[in-house]
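Novice: For the working numbering, count along the sequence shown from 1 and bump the result up by 820. Provided herewith is a single structure, encoded as structure tokens, for subsequent inquiry.
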Amino acid sequence: MTEQTASDLYLDLMAAVLTRYGFEGSNNTVNVSTGSYAGYLWDMLRDELGDGSVRLTRTGKFNAAKRAEGKDWPADAETMVGLRRLTNIRTCVETALADGVPGDLIETGAWRGGSTIYMRAILAAHQVTDRVVWVADSFQGLPKPDARRYPEDAGDQHYTRDELAVSQEQVRENFKRYNLLDEQVRFLPGWFEDTLPGAPIESLALLRLDGDMYGSTMVALDNLYDKVGSGGFVVVDDFGAVGACARAIEDFRSKRGITEPIEKIDWTGVFWRKS
Ligand SMILES: C[S@@+](CC[C@H](N)C(=O)[O-])C[C@H]1O[C@@H](n2cnc3c(N)ncnc32)[C@H](O)[C@@H]1O
């Protein structure tokens, strides 16, 4: 076994816990399609029970391959991105630290907060006290598609998914669970188009985009890309999973003449490093 430092062990443990990797018998959230018969029945059942916190989960066997790639949707984990994309966050942040790339870290689209909790854990593991982790989210799920401004989002159904709405209080509790909520964590609650233009962020070493939709991806890039310094990283969670997100990335890169190669993390995640 190769020698591991206490900080390696801590970060590996954090990644495993935040994804619930290896927790046998973990439940998975069942995605019921809106408009399907099952969706109709599920809506009726939820109305009958009168409680928005009721969730439909399948008790299943833990699937290591799926969880590593963030291909299932864990019922309890603080992140759905899986191990490989957490490892990518760690590599980006540690590279930026080693190379002295200045700036904070942000995720636009945090859900239960797991990726941002991991960012804060990485700063803690390296005893970095002069960088902030920004957590940008509506804390009420995704917006209705604005097909007039972003035709690529027409028909997008993400906004109907109650499971994607996690309150800021809940995310703060999730940070507290790991003793990682402090003044180095700052929240930008609200729709990106309202919060990102005036966000008091000076510079970024990591811009992690996880807003799924064309509009959410484009608004984040338009407002934050220029804050990413040379040597900083842009990570896109939904490039492979959501066609509209990939189109936003391609459109932005072509309008800004960005030629740094896009590198693959797993089946959906990609990143590039600003030269
Ligand atoms: C797929 S989840 C993010 C998953 C998360 N990064 C993780 O580690 O598991 C997408 C999140 O983006 C947020 N979101 C998407 N578009 C948004 C927008 N335009 N403004 C604010 N929040 C948005 C949603 O509220 C949701 O929490």
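Beta carbons are placed, not taken as given, at the ideal position from N, Cα and C, and that holds for glycine.
Can you check whether the CB of residue 952 is closer than 7 Å to the CB of residue 875?
Specialist: Going by C-beta atoms, residue 875 is not nearer than 7 Å to residue 952.
Novice: Can residue 1053 be considered in contact with ligand 1, in the sense that its beta carbon sits closer than 6 Å to one or more heavy atoms?
Specialist: Because no heavy atom of ligand 1 lies under 6 Å away, the Cβ of residue 1053 does not count as near it: no.
Novice: For residue 955, which residues from the same chain have a beta carbon less than 6 Å from its beta carbon, with the 5 sequence-adjacent residues on both sides left out?
Specialist: Here the set comprises 930, 936, 1007.
Novice: Buried or exposed for residue 939, going by 16 or more other Cβ atoms inside 10 Å?
Specialist: So residue 939 counts as buried.
Novice: Does DSSP put residue 831 in a helix, in a strand, or in coil?
Specialist: Three-state DSSP puts residue 831 in a helix.
Novice: Is the Cβ-Cβ distance between residue 849 and residue 1013 less than 7 Å?
Specialist: Not in contact: residue 849 and residue 1013 (Cβ atoms no closer than 7 Å).
Novice: Is the closest heavy atom of ligand 1 to the C-beta of residue 899 under 6 Å?
Specialist: Yes, since a heavy atom of ligand 1 falls inside the 6 Å radius drawn around the Cβ of residue 899.
Novice: Note the first and the last residue of the continuous beta strand (DSSP E) segment covering residue 796.
Specialist: Summary: the structure shown does not reach residue 796, with the chain confined to residues 821 through 1095, and so no result is reported for it.
Novice: Say whether the region 1025 to 1036 touches the region 1060 to 1069, bearing in mind that this needs 3 or more beta-carbon pairs closer than 8 Å, one atom from each stretch.
Specialist: Flag = yes, the region 1025 to 1036 and the region 1060 to 1069 touch.
Novice: Enumerate in chain order the residues of its own chain whose CB-to-CB distance from residue 972 is below 6 Å, with the five nearest sequence positions on each side excluded.
Specialist: Cβ within range, chain order: 1034, 1064, 1067.
Novice: Compare the beta carbon distance of residue 923 and residue 1024 with 7 Å and say whether it is the shorter of the two.
Specialist: Yes, these two residues count as a Cβ contact at 7 Å.
Novice: Give the DSSP bridge partners of residue 954, in chain order.
Specialist: The partner list for residue 954 (beta bridge, DSSP) reads 926, 1006.
Novice: Taking only the alpha-carbon atoms, compute the straight-line gap between residue 908 and residue 833 and give it to the nearest angstrom.
Specialist: So the alpha carbons of these two residues sit roughly 15 Å apart.
Novice: So what's residue 880 in DSSP terms, helix, strand or just coil?
Specialist: Three-state DSSP puts residue 880 in coil, outside helix and strand.
Novice: For the beta strand (DSSP E) that residue 822 lies in, which residues bound it at each end?
Specialist: No beta strand (DSSP E) holds residue 822; DSSP gives it neither H nor E.
Novice: Given a threshold of 16 other Cβ atoms within 10 Å of its Cβ, counted over all protein chains shown, does residue 1041 qualify as buried or as exposed?
Specialist: By the 10 Å Cβ count, residue 1041 comes out buried.
Novice: Output the distance between the C-alpha atoms of residue 877 and residue 847, rounded to the nearest integer angstrom.
Specialist: The straight-line gap from Cα to Cα measures roughly 6 Å.
Novice: Which same chain residues end up closer than 6 Å to residue 906 when comparing Cβ atoms and leaving out the 5 residues on each side of it in sequence?
Specialist: Closer than 6 Å at Cβ, skipping near neighbours: 835, 938.
Novice: In this structure, does DSSP put residue 893 in helix, strand or coil?
Specialist: Of the three classes helix, strand and coil, the one that applies to residue 893 here is coil, per DSSP.
Novice: Alpha carbon to alpha carbon, what distance is there between residue 1026 and residue 895?
Specialist: Residue 895 and residue 1026: Cα-Cα distance of roughly 27 Å.
Novice: Less than 6 Å between the CB of residue 935 and some heavy atom of ligand 1, yes or no?
Specialist: Correct: residue 935 has its Cβ closer than 6 Å to ligand 1.
Novice: State yes or no: is the C-beta of residue 987 nearer than 6 Å to some heavy atom of ligand 1?
Specialist: No.
Novice: Please return the same chain residues whose Cβ sits closer than 8 Å to the Cβ of residue 1050, not counting the five positions on each side in sequence.
Specialist: 921, 1094, 1095, listed in sequence order.
Novice: Please check the pair residue 1016 and residue 1055, which I expect to be a contact at CB under 8 Å, by giving their CB distance rounded to whole angstroms.
Specialist: That belief does not hold up - the Cβ atoms of residue 1016 and residue 1055 are roughly 16 Å apart, past 8 Å.
Novice: Check the DSSP bridge columns for residue 886 and list the partner residues they point to.
Specialist: Looking at the DSSP assignment, residue 886 forms no beta bridge with any residue, so it has no partner.
Novice: Is any heavy atom of ligand 1 found at a distance shorter than 6 Å from the C-beta of residue 896?
Specialist: Flag unset: Cβ of residue 896 not near ligand 1.
Novice: Since residue 941 contacts residue 831 with CB under 8 Å, what's their CB separation in whole angstroms?
Specialist: Yes, residue 941 and residue 831 are in contact; Cβ-Cβ is about 6 Å, under 8 Å.
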